[in-house]
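So the number in our numbering is just where the residue sits in the sequence shown, counting from 1, plus 22. Heads up, the thing below is written out as structure tokens.
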Amino acid sequence: MKNKTNKKLIKAAKETVFYLFLTTLIAGMLLPVYFLVSLSFLSTREAYRYPLPLVPALNTKFELTHGERGYLLSVFDRIDKEYQTVLDTNDLEKMEIYIKSQLGTKITQEEIQVEIANLENSDQGSIFFVKPRDLLFNYDTFFKVTRDAVPALVRSIEIAALTILISLSIGGLAGYAFARYIFKGKDALRFSVLFVRMFPGVAIALPMVFILAEANLYDEPLGLSLIYSVGAIGLTIWITASIFMGIPESLEEAAQVFGASKFQAFMRITLPLALPGLAASAMYTFLGAWNETVAAIILTQFKPTFSVVVYQTLLGASGQVNLAAAGGIAMALPAIFFTFFLRKYINQMWGGVTV
């Protein structure tokens, strides 16, 4: 009886340690994501405070009093729990610009005039008022002030789509050939398609500058897609070959018995069953092309990708961390949506191909 109790205690202790480790690991992975998301919603003033607020404020509390130069504007600081003076002016336009740009708060000059009138009519020396935050201010500002942000976003989508098309067209057919046919040097060739992935992207990009320049594809979406496809094709071959191997060849033979050609059997029988593998390949290809930055910096000059634009925001003289965070989240959203769209097929691959 005592031994059984000890075994249960040991088992419970092991499970507790395991779940604590798992929770810590997940928290460590999600913490940077939460930090980036939170930072993207913070105002410029809050983004440079230490410690950073954990949650973005939904509104901003103000105190308005008379100052030496005009009107003294103070803002409630959530960290220090007190009102801090940020502006002393009688210029309504300057006050409006500061509140919008530095505090990310919705306000107009007419609303400021109303608050000033309330101050003048008040028997007290100051008044307090609250205005709602514009939580999407950083995102809106990023696309307005960042050069070529919207064209770069469209360009990145175009490059990712072309890369997927090229890698699936070539890699998918090659994967089928590896799965169905026996030929000399098959194993060596199958290994060699992954050999190119052993080289850093920058090592391939540098000589490709001259090749793309000769082909008039430098600084063009098609040129980048071709470079990205070099590494994506090898991974696509390995994924699709494994999927095609799991689909019985007898299904194609049965279709041919009923009058279908080899191509028709492939398109109507094999290809639909291989969709999970193609979806997984498309996902990895999209993520690789979408997030690539080093090669894009080398292979573009006047037509940067969206990842390059976000990178340049961090390096810019007027760069702000909250705007860069907003750009980073904006960059992550298409990848998240694309992966979410393909989740059905990817889950089928994880569960195995059902015939």
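Using N, Cα and C, we set each Cβ at its ideal position, and we do this for glycine too.
Simplified DSSP assignment, three categories, for Q106: strand
Rounded C-alpha distance that separates V279 from L228: 52 Å
Beta bridge counterpart(s) of F148 as assigned by DSSP: One point to set straight first is that residue 148 is Ser, not Phe, in the sequence displayed. Paired residues: T87.
Near the ligand FMN: P243 beta-carbon under 6 Å from a heavy atom: Among the components modelled here there is no ligand, and therefore nothing to report on the ligand FMN.
Nearest to Y93 (by Cα), restricted to the options A139, L76, V343, A69: A139
Euclidean distance between Cα positions of A339 and F164: Reliability of the predicted coordinates at A339 is poor, the pLDDT of 46 falling under 50, and no value is obtained from them.
Nearest neighbour of H88, chosen from P73, T107, R71 [CA to CA]: T107
Residue closest to I149, alpha-carbon to alpha-carbon, out of L157, D156, E137, F63: E137
C-beta atoms of R67 and L125 nearer than 7 Å: yes
Length of the line joining the Cα atoms of Y70 and N160: 14 Å
Own chain, CB closer than 8 Å to R219, minus 5 neighbours either side, in chain order: G253, G256, L257
At least three beta-carbon pairs within less than 8 Å, the region 238 to 250 to the region 307 to 322: yes
T292 burial status per 10 Å Cβ neighbour count (16 or more: buried): buried
Start-to-end residues for the beta strand (DSSP E) that takes in K279: The question names Lys, but residue 279 in the sequence shown is Val. No beta strand (DSSP E) holds V279; the alpha helix (DSSP H) holding it covers 271 to 279.
A277 versus S283: straight-line alpha-carbon distance, rounded: 8 Å
Residue span of the alpha helix (DSSP H) that contains S96, given as start and end: Where S96 is concerned, there is no enclosing alpha helix (DSSP H), although the beta strand (DSSP E) it sits in stretches over 93 to 99.
Cβ neighbours of L80 in the same chain (closer than 8 Å, five flanking residues each side left out): P154, R155, L157
DSSP-derived helix/strand/coil call for G374: Per-residue confidence for G374 stands at a pLDDT of 47, beneath the threshold of 50, marking its modelled position as unreliable; the derived number appears in the next sentence. If DSSP states are grouped into helix, strand and coil, G374 belongs with coil.
Backbone CA spacing between E133 and W312 [nearest angstrom]: 43 Å
Beta-carbon spacing of L175, F362 below 7 Å: no
Anticipated Cβ contact below 8 Å, F84 with F151, distance rounded: 5 Å
Cβ contact (3+ pairs, closer than 8 Å) linking the region 187 to 201 and the region 229 to 238: no
Whole-Å CB distance - M305 paired with A201, under 8 Å assumed: With 8 Å as the limit, M305 and A201 do not qualify as a contact, their Cβ atoms being about 20 Å apart.
DSSP state of K366 mapped onto helix, strand, coil: helix
Classification of T335 by the beta-carbon crowding that lies within 10 angstroms, buried from 16 upward: buried
Counterpart residues of P154 in DSSP-defined beta bridges: N81
Contacts around E180, its chain only, beta-carbon distance under 6 Å, and the 5 residues preceding and following it disregarded: P243
Rounded distance between the beta-carbons of G299 and Y250, thought under 8 Å: Their Cβ separation, rounded to whole angstroms, is 20 Å, which puts Y250 and G299 out of contact at 8 Å.
Opening and closing residue of the alpha helix (DSSP H) in which E68 lies: 66 to 69
F165: first and last residue of the uninterrupted alpha helix (DSSP H) it sits in: 159 to 167
Helix, strand or coil at T315 [DSSP, three-state]: coil
Assigned secondary structure, T127 (DSSP; H/G/I helix, E/B strand, else coil): strand
For S247 and L184, believed in contact at Cβ under 8 Å, the rounded distance: 4 Å
I320, DSSP secondary structure in three states: helix
Residues bridged to T307 [DSSP beta-bridge criterion]: T307 pairs with nothing; no bridge assigned.
V172 to P326 span [Cα, whole Å]: 11 Å
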